[in-house]
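K.L.:
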Amino acid sequence: MSDNQNLLAGQRRALILDEVRRRGGIRVSELTRMLQVSDMTVRRDLDVLARQGALEKVHGGAVPVAERRTHEPGFEAKSSLELSAKSEIARAAAALATPGSAVALSGGTTTFAVAHQLLEVPDLTVVTNSVRVADVFHHARQAAEGGPAPAPTVVLTGGVRTPSDALVGPVADAAIGSLHFDVLFLGVHGISVEAGLSTPNLAEAETNRHFIRSARRVVVVADHTKWGTTGLSSFATLDEVDTLVTDAGLPEADRDEIAAHLAELVIAGADEGRDRVLA
Numbered sequence: 001m002s003d004n005q006n007l008l009a010g011q012r013r014a015l016i017l018d019e020v021r022r023r024g025g026i027r028v029s030e031l032t033r034m035l036q037v038s039d040m041t042v043r044r045d046l047d048v049l050a051r052q053g054a055l056e057k058v059h060g061g062a063v064p065v066a067e068r069r070t071h072e073p074g075f076e077a078k079s080s081l082e083l084s085a086k087s088e089i090a091r092a093a094a095a096l097a098t099p100g101s102a103v104a105l106s107g108g109t110t111t112f113a114v115a116h117q118l119l120e121v122p123d124l125t126v127v128t129n130s131v132r133v134a135d136v137f138h139h140a141r142q143a144a145e146g147g148p149a150p151a152p153t154v155v156l157t158g159g160v161r162t163p164s165d166a167l168v169g170p171v172a173d174a175a176i177g178s179l180h181f182d183v184l185f186l187g188v189h190g191i192s193v194e195a196g197l198s199t200p201n202l203a204e205a206e207t208n209r210h211f212i213r214s215a216r217r218v219v220v221v222a223d224h225t226k227w228g229t230t231g232l233s234s235f236a237t238l239d240e241v242d243t244l245v246t247d248a249g250l251p252e253a254d255r256d257e258i259a260a261h262l263a264e265l266v267i268a269g270a271d272e273g274r275d276r277v278l279a
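Numbering follows the UniProt record's numbering, with no gaps: position 84 of the sequence shown is 84.
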């Protein structure tokens, strides 16, 4: 094999690895179309990358190397991932909020995106344990002073701060448990049929349980890379979720599996820009 061929193979594998990390997994068929190479070539590349420990081969494709179930990425580390998907999810989720209602938002980068969209919904009362989410509404209130419409009323729970800038623990649990919400927008580390909703942080799991118990409607906002991921602690089963809002990157087979266990699945941005609802 020539040096030029070695270089091309290295470039191809770097591109494959980048796509796997960026999207949270990719199928062999997608790689053959994207790279315009044979199925056999892609599978050889995946074999090489798997032997190097750079990714994990699964049936029909590859996924990132599994993280420890206790690993909790910081807010900044997660904020640059799946930006387009989070934006689509946020728009679709915010459409579920009714003007004048009591809304809760948990911590996370997807709920952070939802918060920006909720600024367009009038007369909300917002309760959150996310410092970042509270800042979104705080800055909106400052900007709205003297304007034609008031900013939402925001309640930030107390608690101990996690790497994802969520406040958890007994103080947060007590505050949340004493309140009642029309709708909860809940971010998750992972979601699956077997483990339900999960997080690497034990205290955050308990705080999320209080959120769920206090909400009339539970809306989980999670991009497609969260499906099949499992954190250390499960805090809810899928039948406790009313609606899952995810993005069009979720494969059809996974959509069918999720729809069989949930009352409502919303695929944000599907079907030429329109959201697709599978009930």
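We put the CB at the ideal spot given by N, CA and C, even for glycine.
Determine the direct distance from the alpha carbon of residue 208 to that of residue 60, and round the result to whole angstroms.
P.N.:
Computed Cα separation, rounded: 34 angstroms.
K.L.:
Would you list the one or two residues that DSSP bridges to residue 57?
P.N.:
DSSP, once it has assigned bridges, lists 62 as partnering residue 57.
K.L.:
Going by DSSP, which residues form a beta bridge with residue 153?
P.N.:
Paired residue(s): 125.
K.L.:
Can you tell me which of the three DSSP states residue 233 falls into?
P.N.:
strand
K.L.:
Along the alpha helix (DSSP H) that carries residue 41, what are the first and last residues, could you check?
P.N.:
39-51
K.L.:
Considering just the uninterrupted stretch of the beta strand (DSSP E) at residue 268, what are its terminal residues?
P.N.:
264-268
K.L.:
If you measure between the beta carbons of residue 198 and residue 235, is that distance less than 8 angstroms?
P.N.:
yes
K.L.:
Which of the three DSSP states is assigned to residue 202 in this structure?
P.N.:
Under the three-state reduction of DSSP, residue 202 is assigned to helix.
K.L.:
DSSP three-state call for residue 15: helix, strand or coil?
P.N.:
Looking at residue 15 - three-state DSSP - the assignment turns out to be helix.
K.L.:
Indicate the three-state DSSP secondary structure (helix, strand or coil) for residue 34 in the structure shown.
P.N.:
Helix at residue 34.
K.L.:
Ignore the nearest five residues each way along the sequence and tell me which others in residue 48's own chain have a CB closer than 7 angstroms to its CB.
P.N.:
The residues are 13.
K.L.:
Cα separation between residue 256 and residue 28?
P.N.:
If you draw a straight line from the Cα of residue 256 to the Cα of residue 28, it comes to about 21 angstroms.
K.L.:
State the CB to CB distance for the pair residue 187 and residue 237, rounded to an integer number of angstroms; the pair is presumed to be in contact (CB under 8 angstroms).
P.N.:
Rounded, the Cβ-Cβ distance is 17 angstroms, inconsistent with contact.
K.L.:
Report the option in 110, 263, 57 and 158 whose CA atom is closest to the CA atom of residue 218.
P.N.:
That would be 263, whose Cα lies nearest to the Cα of residue 218.
K.L.:
In its own chain, which residues sit with a C-beta less than 7 angstroms from the C-beta of residue 10, not counting the 5 before and 5 after it?
P.N.:
none
K.L.:
Looking at residue 245 and residue 92, is the spacing between their C-beta atoms short of 8 angstroms?
P.N.:
yes
K.L.:
Please confirm if residue 111 has its CB atom under 8 angstroms from at least one CB of chain C.
P.N.:
No chain C appears in this structure, which consists of one protein chain only.
K.L.:
Take residue 194 as the anchor and find which of 258, 95, 90 and 20 has the nearest alpha-carbon.
P.N.:
The residue with the shortest Cα to Cα distance from residue 194 is 258.
K.L.:
From 100, 132, 128 and 130, pick the residue whose C-alpha is nearest to that of residue 120; which is it?
P.N.:
Answer by Cα proximity: 100.
K.L.:
Please classify residue 165 as buried or exposed, where buried requires at least 16 other C-beta atoms within 10 Å of its C-beta.
P.N.:
buried
K.L.:
Straight-line CA distance for residue 129 to residue 109?
P.N.:
C-alpha separation (whole angstroms): 13 angstroms.
K.L.:
Quick one: is residue 253 buried, meaning 16 or more other Cβ sit within 10 Å of its Cβ, or exposed?
P.N.:
With fewer than 16 other Cβ atoms within 10 Å, it is exposed.
K.L.:
Quick one: give me the first and last residue of the alpha helix (DSSP H) that residue 83 is part of.
P.N.:
83-94
K.L.:
According to DSSP, is residue 219 helix, strand or coil?
P.N.:
strand
K.L.:
Would you mind sorting residue 132 into buried or exposed? The rule is 16 or more other CB atoms within 10 Å of its CB.
P.N.:
buried
K.L.:
In whole angstroms, give me the CA-to-CA distance for residue 117 and residue 94.
P.N.:
Each residue's Cα considered, the two are about 6 angstroms apart.
K.L.:
Residue range of the alpha helix (DSSP H) that residue 173 falls in?
P.N.:
170-177
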